[in-house]
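S.K.:
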Amino acid sequence: MPVLHEPPTTPLPPAPGDPEPWRDRLIRWLLRLGRARAVAVVSAVVVATAVLTTVALVLLVGRGDPWLAAAIAAASTLMAAPFIVGTMIGLLFQLDATRQQLAVLATQDDLTGVHNRRHFMGLAEREWSRCRRYDIPAAVLLIDADRFKDINDRHGHLCGDQMLRELTRIAGASLRAGDLLARFGGEELIVFLPHTDPLGALDVAERIRERVSELRLAWQGREVQTTVSIGVASLGEHPALEALVHDADLALYAAKEAGRNCVRASPIQPRRSGESRTFAWR
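Residue 165 in this note's numbering is what sits at position 134 of the sequence shown, and the numbering runs on without skipping anything.
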C-alpha cells in the first residue's frame, strides 16, 4: 500500500441541534467577502469602535473635548488599522488556503490524483450501506498491473509512476460520474460501482482490461506496455464492505493464477432469491 496521508487534526463539528460558534460564522462570512472587502469592513469596525470608546471615556472622565478626542482617535486608528487589519486578514486567508490543501492531501493520492485508500473506504462504506438497505446492485473491482516490477527494473521508477498514472486515467475514463476510483496498493486500483449488476461489472472490467492492453507508453524512445488482471465481486449477503473487497481480492488472485491479463469474478453470494451463480470472463 502506498503512503497514506493522515487527516489533519480538526475540531469536531457541533452536534446536531447545537448552535454553530459565532467565531466560525464570522470567519466564514469574511472569507466569502474576499480579502479586500474583508479588510475594508473590519477596518471600519475598528475605527468606529476606537472613536466610540474614546468619546465614552472622555465623557465618563468629564474632562476634555469629546469631539477633538474623537477626531484624534479616528486619525490615529485610520493610520494603523489598514496595516494591522490587512495583516490579520491576510493570515486568515493563508490559513484557509492551507486548510484546503491539507484536506486535499488527506483524501487524495499524491501520485495519481484519485482518492487514497482511507478516503475511498469512507465513501464506499456509505454507498455500500445504501445499496444494502435499498437492495441496489453494486460491485467492487480490484485492478492490478501485471509484472509491474519489471517496468520499474527495466525503465526506472519514473516510468513506473507514469504508467500508473496512465492506468488510472484509463480506468477513470471507463467509469461513470457516480463510480468511485482509488489507489488501493502500490500498483493496485479499486473501484466501487453502485447501481451495477454482476454482468455490468464484468463488462466494465473487461473494457478496462482491453484499453490497458492497447496502451503504448512512449518513454525515452521506447514503447512500454503492460496488462492488468482484474477481480470482480458483486454485492451479496456480505456482512461488511471489507468482506466484499476480500472477495474481489480472491478473484484477482484467481485472475493472476489464470495467466494474467484477464478478468475473474468471485462466486455471487445469494441474496433474497437464494440463487448462486459464478461468472467468469476472459
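Cβ coordinates follow ideal geometry from the N, Cα and C atoms, glycine included.
(1) Near W159, which residues of its chain fall below 6 Å by C-beta distance, leaving aside the five closest residues on each side in sequence?
(2) Classify A102: buried if its beta carbon has 16 or more other beta carbons within 10 angstroms, exposed otherwise.
(3) Taking E158 as part of the alpha helix (DSSP H), name the residues at either end of that continuous run.
(4) I need the DSSP call for E262, collapsed to helix, strand or coil.
(5) Suppose the cutoff is 8 Å on Cβ atoms and the five residues either side in sequence are ignored; what does the same chain contact list for R161 look like?
(6) Following the continuous alpha helix (DSSP H) through A232, name the residue where it begins and the one where it ends.
(7) Which value, in whole angstroms, describes the spacing of the CA atoms of T227 and L206?
(8) Based on Cα-Cα distance, which residue from G191, V171, R164 and A274 lies nearest to A264?
(9) Relative to the alpha-carbon of D234, which residue among I261, L266 and N183 has its alpha-carbon at the smallest distance?
(10) To the nearest angstrom, report how far apart V76 and V70 are at their CA atoms.
(11) Can you look up Q193 in the DSSP assignment and give me helix, strand or coil?
(12) Inspect the beta-carbon positions of L248 and M194 and report whether they are closer than 7 Å.
(13) For G121, collect the residues of the same chain with a Cβ closer than 6 Å to its Cβ; drop the 5 residues on either side in sequence, then sort them by chain order.
(14) Going by beta carbon distance, what residues of the same chain come within less than 8 Å of E314, once the five residues before and after it are set aside?
(15) Within 10 angstroms of the Cβ of E245, are there 16 or more other Cβ atoms? Answer buried if so, exposed if not.
(16) Let me make sure I understand the geometry here. Which of A67, A176, T84 and R63 has the alpha-carbon closest to that of G290?
(17) What span of residues does the beta strand (DSSP E) with F223 cover, start to end?
M.R.: Let me spell this out:
(1) Taking the first residue of the sequence shown as position 1, residue 159 is located at position 128. So the qualifying residues of the chain are L272.
(2) Reading the sequence shown from its first residue, position 71 is the one you call residue 102. That one is exposed.
(3) In the sequence shown, the residue the question calls residue 158 occupies position 127. Where E158 is concerned, the enclosing alpha helix (DSSP H) stretches over R148 to R164.
(4) On the sequence shown, residue 262 is found 231 positions in, with the first residue counted as 1. Correcting the residue identity first, residue 262 is Gly in this sequence and not Glu. Correct three-state label for G262: strand.
(5) Counted from its first residue, the sequence shown places residue 161 at position 130. Hits under 8 Å: I167 and P225.
(6) Numbered from 1 along the sequence shown, position 201 holds the residue referred to as residue 232. Looking at the DSSP string, the run of the alpha helix (DSSP H) that includes A232 is P229 to S244.
(7) Position 196 of the sequence shown, counting from 1, holds the residue named residue 227. Position 175 of the sequence shown, counting from 1, holds the residue named residue 206. Cα-Cα distance, rounded: 11 Å.
(8) Within the sequence shown, the letter at position 233 stands for residue 264. Here the closest residue by C-alpha is V171.
(9) Indexing the sequence shown from 1 puts residue 234 at position 203. Looking at the Cα atoms, I261 is the closest of the given residues.
(10) By one-based count along the sequence shown, residue 76 stands at place 45. By one-based count along the sequence shown, residue 70 stands at place 39. If I take the Cα positions, the gap works out to 10 Å.
(11) For the purposes of this step, residue 193 is identified with residue 162 of the sequence shown, where counting begins at 1. DSSP places Q193 in helix when its eight states are reduced to three.
(12) If you number the sequence shown from 1, residue 248 lands on position 217. If you number the sequence shown from 1, residue 194 lands on position 163. Against a cut-off of 7 Å, the Cβ pair of M194 and L248 comes out as a contact.
(13) Counted from its first residue, the sequence shown places residue 121 at position 90. Cβ within range, chain order: n/a, list empty.
(14) Any question about residue 314 goes unanswered here, given that the chain covers just 32 to 313.
(15) Translated into the one-based positions of the sequence shown, residue 245 becomes position 214. The residue is exposed, with fewer than 16 neighbouring Cβ atoms inside 10 Å.
(16) Mapped onto the sequence shown, residue 290 falls at position 259. That would be A176, whose Cα lies nearest to the Cα of G290.
(17) Counting from one through the sequence shown, the residue named residue 223 turns up at place 192. Where F223 is concerned, the enclosing beta strand (DSSP E) stretches over E219 to P225.
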